[in-house]
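Undergrad: Structure incoming, see below.
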Amino acid sequence: MAKYELPKLHYSYNALEPNIDAQTMEIHYTKHHGTYVTNLNKAIEGTNLEKLSLEETLRSVSQYPVAVRNNGGGHYNHSLFWEVMNPKEKGNPPGSFSDALNNTFGSLDDLIKKFSEAAMGRFGSGWAWLVLDNNGKLSIGSTPNQDNPLMDVSEFKGTPLLGLDVWEHAYYLKYQNRRAEYVANFWNVVNWNEVAKRYANARK
Ligand code: MN
Numbered sequence: 006m007a008k009y010e011l012p013k014l015h016y017s018y019n020a021l022e023p024n025i026d027a028q029t030m031e032i033h034y035t036k037h038h039g040t041y042v043t044n045l046n047k048a049i050e051g052t053n054l055e056k057l058s059l060e061e062t063l064r065s066v067s068q069y070p071v072a073v074r075n076n077g078g079g080h081y082n083h084s085l086f087w088e089v090m091n092p093k094e095k096g097n098p099p100g101s102f103s104d105a106l107n108n109t110f111g112s113l114d115d116l117i118k119k120f121s122e123a124a125m126g127r128f129g130s131g132w133a134w135l136v137l138d139n140n141g142k143l144s145i146g147s148t149p150n151q152d153n154p155l156m157d158v159s160e161f162k163g164t165p166l167l168g169l170d171v172w173e174h175a176y177y178l179k180y181q182n183r184r185a186e187y188v189a190n191f192w193n194v195v196n197w198n199e200v201a202k203r204y205a206n207a208r209k
C-alpha cells in the first residue's frame, strides 16, 4: 500500500470563489497535488524513507534523490496550503497569536505587506512563507520550486505556519500574469485560526 495519500479537501472546489476559481482548485488539487503524491510514493518505494515521517524526510532531504525533494516538498506544501485557506473563517488572527504578530511586524497590515513582497519577489515558481524560525521568532521569506523551510537545503528555515503557492498553475486560469491581484485576494481566504493553531504547536 502506498505510504502517502492525497489528503481530504475540507471544502468544495468553488468555495474560495471569487478569490480562487473552482477550475483552478480542481486541477490544482487533483492533478498537481495528486501527481506529487504519486511520484513521492514511487520515489520512496522500497527505501528506508517508507519508515520516516514526511517532516523527518524533508529535514534530511539533501541525502535523497531530487525526486524526493520535489515531490515530498510538493506534497507537504500543498497539504498545508489547503488547510490554511477556509472560506468560512473570515476574520482576524485570534488572541495571543495576534499579539505575537503585532509585536514582530507592527500590525497585521504590516505582516500582509511584508509577506506580499516576499510572494512578489520570488522570481519564477515557488512559495511565500510565514514561519516560526529556529530561534522562536516569527519570520517571513520565500523558497523556490517545491522547497520549503523544513528542508536542510533551504536558505530560509523554520516551521511553516502560513504558505502561499506562487506557481503560475495556482492562479493563471483566473489571473493570467497578474500575480499581485492573486496575492492580494489570498488574504480574503486565509484561515487565521489554523495558522494560530500551527503557531501554538510549533512553540511546544
Ligand atoms: Mn501548486
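Each position in the sequence shown, counted from 1, maps to that position plus 5 in the numbering used here.
Beta carbons are placed, not taken as given, at the ideal position from N, Cα and C, and that holds for glycine.
Nothing here was measured: the structure is a model prediction, and the numbers come from that model.
W87 by DSSP, collapsed to three states: which one?
TA: Position 82 of the sequence shown holds residue 87. Three-state result, W87: helix.
Undergrad: Among S101, G126, N196, A201, whose alpha-carbon lies nearest the alpha-carbon of A185?
TA: On the sequence shown, residue 185 is found 180 positions in, with the first residue counted as 1. Selected option, being the one with the closest Cα: G126.
Undergrad: Would you kindly work out how many angstroms separate the C-alpha atoms of W132 and K13, rounded to a whole number?
TA: Taking the first residue of the sequence shown as 1, we reach residue 132 at position 127. Taking the first residue of the sequence shown as 1, we reach residue 13 at position 8. Cα to Cα, W132 sits roughly 22 Å from K13.
Undergrad: Whole beta strand (DSSP E) runs in the region 55-137 with 3 or more residues, listed along the chain?
TA: Segments of the beta strand (DSSP E) lying fully in the region 55-137: 131-137.
Undergrad: How would you write the range of the alpha helix (DSSP H) that G39 sits in, first residue to last?
TA: Reading the sequence shown from its first residue, position 34 is the one you call residue 39. That run of the alpha helix (DSSP H) goes 39-49.
Undergrad: Run through the region 129-196 for me and flag every whole alpha helix (DSSP H) of 4 or more residues, listed as ranges in chain order.
TA: DSSP runs (the alpha helix (DSSP H)) wholly in the region 129-196: 177-180, 184-191.
Undergrad: Indicate the three-state DSSP secondary structure (helix, strand or coil) for H33 in the structure shown.
TA: Working through the sequence shown from its first residue, we reach residue 33 at position 28. Note: H33 maps to helix in three-state DSSP.
Undergrad: Can we say the region 108-116 touches the region 34-54, given the rule of at least three CB pairs closer than 8 Å?
TA: No, the region 108-116 does not touch the region 34-54.
Undergrad: By how many angstroms is the C-alpha of N53 removed from the C-alpha of L63?
TA: The sequence position of residue 63 within the sequence shown is 58, counting from 1. The sequence position of residue 53 within the sequence shown is 48, counting from 1. Going from the Cα of L63 to the Cα of N53 covers about 13 Å.
Undergrad: If you measure from each CB to the nearest heavy atom of the ligand MN and keep those under 6 Å, what residues do you get, in chain order?
TA: Qualifying residues, in the order they occur: H33, H37, H83, D170, W172, H174, A175.
Undergrad: If I measure Cβ to Cβ from A207 and keep anything under 7 Å in the same chain, skipping five residues before and after, which residues do I get?
TA: What you label residue 207 is simply residue 202 of the sequence shown in a count that begins at 1. So the qualifying residues of the chain are L137, T164, L166.
Undergrad: Since N190 and N24 should fall inside the 8 Å C-beta cutoff, what is the C-beta to C-beta distance between them, to a whole number of angstroms?
TA: Position 185 of the sequence shown holds residue 190. Position 19 of the sequence shown holds residue 24. That belief holds up - the Cβ atoms of N190 and N24 are roughly 4 Å apart, short of 8 Å.
Undergrad: My output table needs one value for Y18: the three-state DSSP class, helix, strand or coil.
TA: Start at 1 with the first residue of the sequence shown, and residue 18 comes out as number 13. Coil, per DSSP.
Undergrad: Check whether the region 86-101 and the region 148-159 are in contact - that is, three or more C-beta pairs closer than 8 Å.
TA: No: the two stretches stay apart, fewer than three of their Cβ pairs being nearer than 8 Å.
Undergrad: Measure the beta-carbon distance from Y34 to H80 and round it to whole angstroms, keeping in mind my assumption that it falls under 8 Å.
TA: Here the question's residue 34 lines up with position 29 in the sequence shown. Here the question's residue 80 lines up with position 75 in the sequence shown. Their Cβ separation, rounded to whole angstroms, is 12 Å, which puts Y34 and H80 out of contact at 8 Å.
Undergrad: Of the choices W197, F120, S17, Y204, whose alpha-carbon is the least far from that of K142?
TA: By one-based count along the sequence shown, residue 142 stands at place 137. Of the listed residues, the one whose Cα sits closest to K142 is Y204.
Undergrad: Can you list, in chain order, the residues of its chain with a C-beta nearer than 7 Å to that of L85? Leave out the 5 residues immediately preceding and following it.
TA: Counted from its first residue, the sequence shown places residue 85 at position 80. Within the same chain, L85 has close Cβ partners P165, G168.
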